[in-house]
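Asks: Under the UniProt record's numbering, the first residue of the sequence shown is numbered 1, with each subsequent residue one higher.
Note that beta-carbon positions come from the ideal geometry of N, C-alpha and C, so glycine has one too.
The model shown is predicted, which means the values in this text are computed figures rather than measured ones.
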Amino acid sequence: MKESIILKSCDMFLTHGFKSITMDEIASEMGISKKTIYQHFSNKSALVEEVSSYLFETISCGIDQIYEQDANPIEELFLIRDFVLKNLKDESASPFHQLQKFYPKIHKSLMGKQFEKMKDCVVNNINKGIEQEFFRKNLNADLIVRFYYAGMSSLKDVELFDPHQFSTKLVQTEYLEYHLRGICTEKGIKKLEELITKYNF
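This is the structure in C-alpha cells:
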C-alpha cells in the first residue's frame with residue numbers, strides 16, 4: 001500500500017504541484033481513507049520527501065542504464081533528456097517551483113543529491129567525449145559540470161522561463177544544444193547535427 005500511495009502521489013504532484021494536491025485528494029483518487037495514508041506517512045511533508053526520493057532514485061537508475069548502453073557521449077545526453085522528460089511527464093516547472101517554495105529543506109536535500117549524481121555523470125561523459133574526440137581536449141571537466149548544473153537548475157525558474165511561453169522540452173532541448181556546441185570538436189558538431197535530425201531536436 002505504501003508504494004501505491006507514493007506512485008499515485010508522484011503522478012498527482014507532477015501534474016498539479018506539490019503544494020496544490022492535498023492528502024484528501026490523494027485518498028479520494030485512490031479510493032482509500034485519509035487515515036490509511038497517515039498509517040504510512042506521519043504528515044504531508046513526510047510523503048513529499050518520500051516521493052522526492054522515489055523520483056530521484058528512479059531517474060538515477062534510468063540514467064545509469066543509459067550509460068551502460070555505451071552510446072556515443074553526445075547521444076547519451078539526448079537519451080537522458082528524453083528519459084528525464086518522460087519521467088517528469090514533460091510538465092511545466094511549476095511542481096518543482098512549489099517544492100522549493102513550500103518544502104525548502106526537502107528541495108535543498110534533493111538538489112544536493114542531484115548535483116552529486118550530475119557531477120559523476122557529466123564528468124564521465126566529458127572524459128569519454130574527449131577520448132573519442134567528440135569534445136575538445138582542453139576542457140576543465142570539473143568546471144564544465146558546474147556550468148551545466150547551474151544552467152539546468154536555472155531552467156526550473158518559472159519567472160525566467162514562463163511555462164506558458166516555453167515548454168519544458170523546448171527549454172531543455174535548446175539548453176542541451178547550447179551546452180554541446182560549446183564543448184564539441186568539428187567531429188562532435190557533425191555528430192550533433194546528425195542527432196538533431198534523428199531526435200527531431
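Going by DSSP, name the residue or residues bridged to PHE135.
Replies: CYS184
Asks: Just the C-alpha distance for SER94 and ASN43, rounded to the nearest angstrom, thanks.
Replies: Cα to Cα, the separation comes out at about 22 Å.
Asks: Do the stretch 157-175 and the stretch 125-134 make contact, defined as three or more Cβ pairs closer than 8 Å?
Replies: no
Asks: Identify, in the order they occur along the chain, each residue of the same chain with its Cβ nearer than 7 Å to the Cβ of TYR103, setting aside the five sequence neighbours on each side.
Replies: PHE18, SER45 and VAL48
Asks: Taking buried to mean at least 16 other C-beta atoms within 10 Å of its own C-beta, is THR173 buried or exposed?
Replies: In the assembly as shown, THR173 is a buried residue. Its beta-carbon has 16 or more other beta-carbons within 10 Å.
Asks: CA-CA distance, GLU3 and LEU110?
Replies: 20 Å
Asks: Consult DSSP for GLU159 and reduce its assignment to one of helix, strand or coil.
Replies: coil
Asks: In the structure shown, what three-state DSSP assignment does ASN72 receive?
Replies: coil
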